[in-house]
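Undergrad:
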Amino acid sequence: MPELQEKFCSKCGEVTIMECLSCVTPIRGEFETEGVLILGSGYTAPAFCYTCGKPFPWTQKRVKAAIELVQAADIEGQELAQFERDVQSLTKDSSETTIASIRFKKIMGKVGSSIAGGVKDILVDVVSEAAKKAIWGI
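Just so we're aligned: the sequence shown equals residues 1 to 138 in my numbering.
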């Protein structure tokens with residue numbers, strides 16, 4: 001319902017989008033049926049467009065923030081480049097998820113608990129379910 005759409009996100013304050021910025025396909029949201037009461041919301045914004053496969057802006061921003069946080073721990077060079085690739089892989093449920101999660105955990109062991117906790121807070125809503133289970137057991 002258009003009258004229920006927020007102009008700005010109530011969590012982050014960004015302008016809300018209703019369609020993929022790459023292919024203009026509407027973003028799937030919660031489905032409401034008249035006369036049906038749903039207690040609690042299980043809706044989670046998708047990380048990727050179901051039509052073109054591109055990441056949504058919130059996914060891109062979280063990945064970038066996690067990488068910047070790891071950079072603050074003096075991870076650099078090839079190790080940082082691999083971390084960037086691994087984080088991208090962890091947002092998708094693919095054959096690379098297992099090895100990417102192992103390398104990710106290795107880096108988290110190097111950066112210390114404060115930064116590792118921050119990275120978890122940033123990424124937990126955009127990594128795949130398989131990655132969450134492999135990395136954090138959730």
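Backbone N, C-alpha and C fix where the C-beta goes; we use that ideal spot for every residue, glycine too.
1) With distances taken Cα to Cα, identify the nearest neighbour of Thr98 among Ile135, Phe56 and Pro26.
2) Is it a yes or a no for the region 50 to 62 touching the region 79 to 86, going by three-plus beta-carbon pairs under 8 Å?
3) With burial defined as no fewer than 16 other Cβ atoms inside 10 Å of the residue's Cβ, what is the status of Met18: buried or exposed?
4) Just to confirm the assignment, what range does the alpha helix (DSSP H) spanning Pro57 have?
5) Note the first and the last residue of the continuous alpha helix (DSSP H) segment covering Leu90.
TA: Short version:
1) Start at 1 with the first residue of the sequence shown, and residue 98 comes out as number 98. The shortest C-alpha separation from Thr98 is found at Ile135.
2) no
3) As a working note, residue 18 is residue 18 in the sequence shown. Burial call: exposed.
4) Within the sequence shown, residue 57 is the residue found at index 57, counting from 1. Note, Pro57: alpha helix (DSSP H), Pro57 to Gln71.
5) Counting from 1 along the sequence shown, the entry for residue 90 is found at position 90. Gly77 to Leu90 is the extent of the alpha helix (DSSP H) around Leu90.
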